[in-house]
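Chemist: Next up is a structure, given as structure tokens.
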Amino acid sequence: MDVRIPDIGDAQDVEVIELCVAAGDTVAVNDALIVIESDKASMEVPAPVAGTVQEVLVSLGDLVNEGDAIVVLEAVQGAAADAAGAEETAQEVADSAAPADATVPQAAEQERGAESDGLEKLIGELDQLIDSADAGTKSGAQAGHGATDTTAGTPHESLAPGAKVYAGPATRRLARELGVDLAQVPGSGGHGRIVKDDVKAFVKQSMVAEAAPARATAVPAIDFSRFGEVEEVPLSRVQARGAANLARSWAQVVHVTQHDEADVTELESFRTSLKAEADARGTKLTPLPLIMKACTRVLTDFPQFNASLNRDVTALIHKRYMHIGFAVDTEMGLVVPVIRDAGAKGVWQLAEEIERLSAAAREGRLKPDEIQGGCFTISSLGAIGGTGFTPVVNAPEVAILGVARLTTKPVWNGEAFVPRSILPLSLSYDHRAINGAEAGRFMAALTTLLADFRRLAL
19 MDVRIPDIGD AQDVEVIELC VAAGDTVAVN DALIVIESDK ASMEVPAPVA GTVQEVLVSL
79 GDLVNEGDAI VVLEAVQGAA ADAAGAEETA QEVADSAAPA DATVPQAAEQ ERGAESDGLE
139 KLIGELDQLI DSADAGTKSG AQAGHGATDT TAGTPHESLA PGAKVYAGPA TRRLARELGV
199 DLAQVPGSGG HGRIVKDDVK AFVKQSMVAE AAPARATAVP AIDFSRFGEV EEVPLSRVQA
259 RGAANLARSW AQVVHVTQHD EADVTELESF RTSLKAEADA RGTKLTPLPL IMKACTRVLT
319 DFPQFNASLN RDVTALIHKR YMHIGFAVDT EMGLVVPVIR DAGAKGVWQL AEEIERLSAA
379 AREGRLKPDE IQGGCFTISS LGAIGGTGFT PVVNAPEVAI LGVARLTTKP VWNGEAFVPR
439 SILPLSLSYD HRAINGAEAG RFMAALTTLL ADFRRLAL
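Take 19 as the starting number for the sequence shown in the working numbering and just add one per residue.
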């Protein structure tokens, strides 16, 4: 059987950075075959069945994508039939779920991925979108009237409101697939007739116009070596992709940050009392799993924070699952592993998952499903320091919680100042999806839970 690259989300052209097997090696189920590095993290591709490696189809440095064959594996007796049956079932499900014409959605996905890669790449991928849609119009025209637009003439201004649009069925279908209002498109055909090339030119011109302000505000290139000795250190792929994602999120999300403080004196006393049990379990109980557990409760009560805006920003998509991401500082850059179904896990399970995923992130061994599907993110500076910060929303999520350094402060209890453990919290949210009153109530509920953890049992 051919072992192929599994679902790796939106990553493309991931690099093979390690070969874990060679021809003739025997592997068990889930043994690592190769290690690939995407823009977000490194991950292993495991063996789906036990067997013997017949041939390794990739080399170090190769760029691979989802579905590419990487290893030829001779499965042990029994495993081959199971694997073939599972593959056949998966293919049947994929075939039944696939739309009749998938070329346009695929091209649209490429277009979305091009947003951070500059105008030149954007125009190139837009060409693919247009060509895909154009191919659909041709096939539709051949199956229908066979109408085409071949006349040529002099371009003219776009039509006045209410004026009649002159365009053939193929051109109209292309315009519909690209979301173009034909009344705004100048026609170059005879008597002002709009042809398909006019639609393509209009879309390209619109994209150029939208990108012009970004180019005008770009930071100018400076030769810093004129001022002294310099050294240029390339960013890792994780850092470079992370920078692009952060810039896109900051530019598109309407950021607002709500700051508050939680009195976690009793919570810290409770956590300290569990140290012996944590040692017996072989795990470390930091404040993070307790904070995450409290967040899952508050997210249940405030579902608009466990949601995403649709692409048109016309609806809020509420998620019936709760996958929580948490930021991990690694040598490659900031990585956000995701704990799946965090709301169904207890504090000890969360602590073990956090410890396991943190180690995998630092070693570059995260699997694809361990960095995808997050609903809400927690960024904890822990003991690093700081009295508060403004975390950037991890779009398409709509909120992120920043946790700064725990400090001891004197707090007036009505009779005297007493020392209390105070935890600074910063909630950044997308103001398009969440208003200030909702954010205030979310933080009030969270700080109340952290002040008295027993309320989780209510």
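No residue lacks a Cβ here, since even glycine has one placed at the ideal position from N, Cα and C.
Alpha carbon to alpha carbon, what distance is there between E249 and P238?
Modeler: Along the sequence shown, one-based indexing puts residue 238 at 220. Along the sequence shown, one-based indexing puts residue 249 at 231. Cα-Cα distance, rounded: 19 Å.
Chemist: Give the secondary structure of F242 by DSSP, where H, G and I count as helix, E and B as strand, and everything else as coil.
Modeler: Within the sequence shown, the letter at position 224 stands for residue 242. DSSP places F242 in helix when its eight states are reduced to three.
Chemist: Quick one: Cα of A201 to Cα of V183, how far?
Modeler: For the purposes of this step, residue 201 is taken as residue 183 along the sequence shown, with counting starting at 1. For the purposes of this step, residue 183 is taken as residue 165 along the sequence shown, with counting starting at 1. The straight-line gap from Cα to Cα measures roughly 6 Å.
Chemist: I need the DSSP call for R338, collapsed to helix, strand or coil.
Modeler: For the purposes of this step, residue 338 is taken as residue 320 along the sequence shown, with counting starting at 1. DSSP places R338 in coil when its eight states are reduced to three.
Chemist: Run through the DSSP bridge pairs and tell me what H449 is partnered with.
Modeler: Walking along the sequence shown from the start, residue 449 turns up at place 431. Paired residues: none, contrary to the question.
Chemist: When we look at the beta-carbon of T290 and count the other beta-carbons within 10 Å, is it buried (16 or more) or exposed?
Modeler: For the purposes of this step, residue 290 is taken as residue 272 along the sequence shown, with counting starting at 1. Under this definition T290 is an exposed residue.
Chemist: Is the segment 367-374 touching the segment 429-440, taking contact as three or more C-beta pairs under 8 Å?
Modeler: The segment 367-374, when compared against the segment 429-440, does not touch it at the 8 Å Cβ threshold.
Chemist: Going by DSSP, what residue range makes up the alpha helix (DSSP H) through Q257?
Modeler: Numbered from 1 along the sequence shown, position 239 holds the residue referred to as residue 257. Counting along the chain, the alpha helix (DSSP H) containing Q257 begins and ends at R255 to Q270.
Chemist: Is the CB-CB distance between V53 and E62 below 9 Å?
Modeler: Taking the first residue of the sequence shown as 1, we reach residue 53 at position 35. Taking the first residue of the sequence shown as 1, we reach residue 62 at position 44. A contact, by the Cβ cut-off of 9 Å.
Chemist: Taking W268 as the reference, give the member of P414, E92, L474 and G458 with the closest Cα.
Modeler: Stepping through the sequence shown from its first residue, residue 268 is reached at position 250. Checked all of P414, E92, L474 and G458; the closest Cα to W268 is P414.
Chemist: Assign V34 to buried or exposed, taking buried as 16 or more other Cβ atoms, counted over all protein chains shown, within 10 Å of its Cβ.
Modeler: As a first step, residue 34 must be located in the sequence shown, where it is residue number 16. So V34 counts as buried.
Chemist: Which partner residues does A401 have in the DSSP bridge list?
Modeler: Taking the first residue of the sequence shown as 1, we reach residue 401 at position 383. DSSP lists no partner for A401.
Chemist: Out of A379, R374 and N328, point me to the one whose CA is closest to E349's CA.
Modeler: One-based indexing of the sequence shown puts residue 349 at position 331. Of the listed residues, the one whose Cα sits closest to E349 is A379.
Chemist: Specify, as a first and last residue, the run of the beta strand (DSSP E) that V365 falls within.
Modeler: The count along the sequence shown starts at 1 and reaches residue 365 at position 347. That residue, V365, is in no beta strand (DSSP E); its alpha helix (DSSP H) goes V365 to E381.
Chemist: Does the Cβ of A457 have 16 or more other Cβ atoms within 10 Å, making it buried, or fewer, making it exposed?
Modeler: Here residue 457 is taken as the residue at index 439 of the sequence shown, counted from 1. So A457 ends up on the buried side.
Chemist: Just tell me which of Q30, L37 and D49 has its CA closest to the CA of E84.
Modeler: Mapped onto the sequence shown, residue 84 falls at position 66. Of Q30, L37 and D49, the residue nearest in Cα terms is Q30.
Chemist: Between V331, A360 and G420, which has its C-alpha nearest I1's C-alpha?
Modeler: Because residue 1 is not part of the residues shown, which for the chain are 19 to 476, the question remains open.
Chemist: Would you mind working out which of D49, D86, D80 and A463 sits nearest D20, comparing C-alpha positions?
Modeler: Position 2 of the sequence shown, counted from the first residue, corresponds to residue 20. Closest option to D20, Cα to Cα, is D86.
Chemist: Considering only the alpha carbon of each residue, which of A40, V45, A93 and P66 lies closest to S77?
Modeler: Reading the sequence shown from its first residue, position 59 is the one you call residue 77. Measuring from the Cα of S77, the nearest candidate turns out to be A40.
Chemist: Applying the criterion that 16 or more other CB atoms from any shown protein chain within 10 Å of the CB defines a buried residue, is T318 buried or exposed?
Modeler: On the sequence shown, position 300 is the one that residue 318 refers to. With fewer than 16 Cβ atoms within 10 Å of its Cβ, T318 is classed as exposed.
Chemist: Which residues in the same chain have their Cβ closer than 7 Å to the Cβ of D216, if we skip the five residues on either side of it in sequence?
Modeler: Taking the first residue of the sequence shown as position 1, residue 216 is located at position 198. Taken in chain order, the residues that qualify are V203, P204, G205 and S206.
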